[in-house]
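If you read the sequence shown in the working numbering, its first letter stands for residue 132, the second for the next number, and so on.
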Amino acid sequence: MSLTVRPVVGRRAKITALGTYVPPDIITNQDLEKMVETSDQWITERTGIKTRHKLAPSLGVSDMCSEAAKKCLAARGIGPEEVEVIIVGTVTPDMMYPSTASLVQNKIGAGRCWGFDVSAGCTGFVYALLAGAKMVENGTHSKVLVCGADANTRMTDYTDRTTCVLFGDGSGAVLVEPAAAGEIGFIDSVNEIDGSGGVSLYMPGGGSLHPSTHETVDKKMHYIHQDGPAVYKFAVRKMAELTEALLERNGIGGKDLGCFIPHQANKRIITATAERLGMCPDRVIINIEKYGNTSSGTIPLAMETAIEEGKLKKGDLVLLAAVGAGFTVGTVLLRWEI
Ligand SMILES: CC(C)(COP(=O)(O)OP(=O)(O)OC[C@H]1O[C@@H](n2cnc3c(N)ncnc32)[C@H](O)[C@@H]1OP(=O)(O)O)[C@@H](O)C(=O)NCCC(=O)NCCS
132 MSLTVRPVVG RRAKITALGT YVPPDIITNQ DLEKMVETSD QWITERTGIK TRHKLAPSLG
192 VSDMCSEAAK KCLAARGIGP EEVEVIIVGT VTPDMMYPST ASLVQNKIGA GRCWGFDVSA
252 GCTGFVYALL AGAKMVENGT HSKVLVCGAD ANTRMTDYTD RTTCVLFGDG SGAVLVEPAA
312 AGEIGFIDSV NEIDGSGGVS LYMPGGGSLH PSTHETVDKK MHYIHQDGPA VYKFAVRKMA
372 ELTEALLERN GIGGKDLGCF IPHQANKRII TATAERLGMC PDRVIINIEK YGNTSSGTIP
432 LAMETAIEEG KLKKGDLVLL AAVGAGFTVG TVLLRWEI
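What follows is the structure, given as C-alpha cells:
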C-alpha cells in the first residue's frame, strides 16, 4: 500500500462519536405478503431484506434525529450547548420548512448554533458529512453534528410491490471535530450528480411544481416513484466507478481498506461493488436484512453494525459510498480515529 495523504488547506477533521436510532415497530416480509402480491423468498433473494422499522404516526424525522444526536453527544461526553452547527441529510423532513436541523436544535436543547438540511436522496448523509468536515478543516467550526435520517415508510405506497418491500425508517448522527496531532481522519472524496436520472426515482407531489391537491393525492404523487432496474444499473456502475477513482487517486486498492461501509439499497448492489473493488467480503458491512433502505440513515446505521461486529477499529481505512435520487453519488475515504 502506498497511501498518499493529500494535504488539506486548514487542519484535518475526524469523526469523534456516533449515535443511532431506529423506531421499535417492525414490518416483516410476512407482513408485506399480506399487503401485496410478493413473497419472503422473492424479497430475500432480490434485495436481501427481511425486516424494516417503521416510525410511530405521532413522530417525525426530527424525533429520530434527536434521539440519535443525544446518543452521539453522550458517547462523546459533551452537552448539546457545545454543538456549533447541525447538518441533517434527509428527503423526508417533518415538513417543507422549517428545516429538520432547526427542529433538532430545539429538541436536543442545543444553544447558539446554526444549521441546515441537505437534500440528496440516499446520498444525503455523505454530502452532509462532507460539508461538516470542510467546516472543521477550514477552521471556522470545531463541533459539527451531522445527522442522516429518513422516514421512508411515510412516503411509501403499500399497494406498490415494486417499492414497498424496499424501504424502512432509521437514523444516525456523528460528531465531526478537529483531528489530533498524528491523526488523519477525512482523507478524500469523489462525488457526482446526474440530473438526467431524476425521472428514475422521485416524489413528484407536494413541491412547488405540483403542490398538494386532491388531484395529486388521487394520482399518488406523494409517494416514492421508482424505475427499479434503471436505478439498479446506475448504482452498480457508478458506485464502482467513483470508488475506484477515489482509491486510485489515493494510491490504494480495495484490499488496503479495513472496512467498506456502503449505502444499503440492495444486497446485490453492495456485493457487486465489493467484488469489483476486490474486497474481502468480511470487510463489507451489510445490515440491510434488518433495516431495509433507510436512505440517509443507512451509513451511520452500518457504522454501528461494523463496530458491534468488531469490524471497525481505530486506525482502519474506511470507504463510504452511496448512490441516491437525483441521481447523486458520494464516496469518502477516511481513517477511523475513535
Ligand atoms: C427494485 C428491485 C429490487 C427489483 O429487482 P429486479 O431484479 O430489478 O426486478 P424487476 O424490477 O426486473 O422485476 C422482475 C419481476 O419481479 C416482479 N416484482 C417486482 N417487485 C416484486 C415483489 N416485491 N415481489 C414479487 N415480484 C416482484 C416484477 O413485477 C417483475 O415481474 P415480471 O417479470 O413478471 O414483469 C431492483 O431493481 C433494485 O433494487 N433496484 C434499485 C433500487 C434502489 O436501490 N433504490 C434506492 C436507490 S437509493
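Just so it is clear, CB atoms sit at the ideal spot from N, CA and C, and this is done for glycine as well.
Report yes if the C-beta of Val362 is less than 8 Å from at least one heavy atom of ligand 1; otherwise report no. Within the cutoff, so yes.
Under 7 Å Cβ to Cβ from Lys274, same chain only, skipping five residues before and after it: list those, please. These residues qualify, in order along the chain: Glu213, Val214, Glu215, Leu306, Glu308.
Determine the extent of the beta strand (DSSP E) in which Lys185 is found, giving its start and end residues. Element bounds for Lys185: 182-185.
Taking Thr175 as the reference, give the member of Leu134, Thr436, Leu443, Arg399 with the closest Cα. Among Leu134, Thr436, Leu443, Arg399, the Cα nearest to that of Thr175 belongs to Arg399.
Could you name the residues that DSSP lists as bridge partners for Lys145? Glu308
State the beta-bridge partners of Asp156 as determined by DSSP. Per DSSP, the beta bridge partners of Asp156 are Lys185.
Give me, in chain order, the residues of the same chain whose beta-carbon lies closer than 6 Å to that of Gly457; leave out the 5 immediate sequence neighbours on both sides. The answer, listed in chain order, is Gly252, Ile324.
Within the continuous alpha helix (DSSP H) that includes Glu323, where are the two ends? Run containing Glu323: none in the alpha helix (DSSP H); it sits in the beta strand (DSSP E), 317-324.
Cβ pair count under 8 Å reaching 3, the segment 379-397 against the segment 444-455: Touching, yes, given that three or more Cβ pairs across the two stretches are closer than 8 Å.
Quick one: Cα of Gly179 to Cα of Ile419, how far? 6 Å
Touching by the beta-carbon criterion (3+ pairs, under 8 Å), the segment 218-225 and the segment 270-285: yes
Chain-order list of residues whose beta-carbon lies under 8 Å from that of Ala366 (same chain, five-residue window excluded): The beta carbon of Ala366 lies closer than 8 Å to those of Ala396, Asn397, Ile400, Val454 in the same chain, with the five residues before and after it left out.
Have a look at Lys442, Ser339, Thr374 and flag the residue whose alpha-carbon is nearest the alpha-carbon of Gly389. Ranked by how close their Cα comes to the Cα of Gly389, the residues Lys442, Ser339, Thr374 have Lys442 in first place.
Could you tell me if the beta carbon of Asn322 falls within a distance shorter than 8 Å of some heavy atom in ligand 1? no
Buried or exposed (CB count within 10 angstroms, at least 16 for buried), Gly313: exposed
Bridge partner(s) assigned by DSSP for Leu451: Ile392, Val463
How many angstroms separate the CA atom of Thr459 from the CA atom of Pro138? 26 Å
At a cut-off of 8 Å, would you count Asn418 as near ligand 1, judging by its Cβ distance to the nearest heavy atom? no
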